[in-house]
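Asks: For what it's worth, the UniProt record's numbering labels the leading residue of the sequence shown as 1, then goes sequentially.
We treat Cβ as the ideally placed atom computed from N, Cα and C, and that holds for glycine.
Before I ask anything, let me first share the structure, which is written out below as structure tokens.
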Amino acid sequence: MSATAGQAQSSLAERLGIKPNQVVQEIGYDADTDEELRSSIESVSGNELVDEEYDEVVDVVLLWWREDDGDLFDALSDALTALADGGHIWLLTPKAGREGHVEPSDILEAAQTAGLSQTSSISAAREWSGTRLVTPKARR
Numbered sequence: 001m002s003a004t005a006g007q008a009q010s011s012l013a014e015r016l017g018i019k020p021n022q023v024v025q026e027i028g029y030d031a032d033t034d035e036e037l038r039s040s041i042e043s044v045s046g047n048e049l050v051d052e053e054y055d056e057v058v059d060v061v062l063l064w065w066r067e068d069d070g071d072l073f074d075a076l077s078d079a080l081t082a083l084a085d086g087g088h089i090w091l092l093t094p095k096a097g098r099e100g101h102v103e104p105s106d107i108l109e110a111a112q113t114a115g116l117s118q119t120s121s122i123s124a125a126r127e128w129s130g131t132r133l134v135t136p137k138a139r140r
């Protein structure tokens, strides 16, 4: 891999605020997830992504979510159980016009019901949008 390709790959994870030594739990992995983003996160964090079965505290939850995946509130509530104080959830959903797209209003409603605040939204990968969710400071 060239230096430029390596920098581009690392910048994907850095846009998500991933830092060295962070433990990132991945939920909702499927054939449509973005491998470049996943590799970038592992490269920057220096750790392999852990799955839903991981029973330790994590710094970041990477939640791949599609419209037909079920109840988003339940998924967000479950994701909170392993999250460290000060940690955050990146909710990754297919971009508008893509199969499985989730309406921003549905994300906002589920997040608020789960006690989360949306702090930013980005283009996380070619096919995926990212929404950063945190617990309000008063609740931490």
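(1) What's the C-alpha gap between Ser77 and Leu116?
(2) Threshold first: 3 residues or longer. Then list the beta strand (DSSP E) segments lying entirely within the region 50-130, N to C.
(3) Using the three-state DSSP reduction, which class does Glu48 fall into: helix, strand or coil?
(4) With DSSP run on the structure shown, which of helix, strand or coil describes Ile18?
(5) Runs of 4 residues minimum, wholly inside the region 23-48: which ones carry the alpha helix (DSSP H) assignment?
(6) Using only alpha-carbon positions, find the residue among Leu80, Leu37, Leu49, Asn21 that is nearest to Ala111.
(7) Mind checking whether Val119 and Val134 have CB atoms under 7 Å apart?
(8) Using C-beta distances below 6 Å, list every residue in its chain close to Ile59, excluding the 5 sequence neighbours before and after it, in chain order.
(9) Check whether the Cβ atoms of Gly100 and Arg66 lie closer than 7 Å to each other.
(10) Ignore the nearest five residues each way along the sequence and tell me which others in Met1's own chain have a CB closer than 6 Å to its CB.
Replies: Considering the structure as presented:
(1) Numbered from 1 along the sequence shown, position 77 holds the residue referred to as residue 77. Numbered from 1 along the sequence shown, position 116 holds the residue referred to as residue 116. About 9 Å.
(2) 58-64, 83-94, 117-123
(3) What you label residue 48 is simply residue 48 of the sequence shown in a count that begins at 1. In the structure shown, Glu48 sits in coil (DSSP, three-state: anything other than H, G, I, E or B).
(4) By 1-based counting over the sequence shown, the position of residue 18 is 18. Coil, per DSSP.
(5) 35-45
(6) Within the sequence shown, numbered from 1, the residue matching residue 111 stands at position 111. The shortest C-alpha separation from Ala111 is found at Leu80.
(7) The residue labelled residue 119 in the question sits at position 119 within the sequence shown. The residue labelled residue 134 in the question sits at position 134 within the sequence shown. According to the sequence provided, residue 119 is Thr. The question's Val does not apply to it. Yes.
(8) Counted from its first residue, the sequence shown places residue 59 at position 59. The residue asked about is misnamed: residue 59 is Asp in this sequence, not Ile. Closer than 6 Å at Cβ, skipping near neighbours: Gln22, Val23, Ala84, Gly87.
(9) As a working note, residue 100 is residue 100 in the sequence shown. As a working note, residue 66 is residue 66 in the sequence shown. Against a cut-off of 7 Å, the Cβ pair of Arg66 and Gly100 comes out as a contact.
(10) Mapped onto the sequence shown, residue 1 falls at position 1. Confidence at Met1 is low in this model, with a pLDDT of 41, below 50, so its placement is unreliable and the value that follows should be read with caution. Result list for Met1: empty, nothing under 6 Å.
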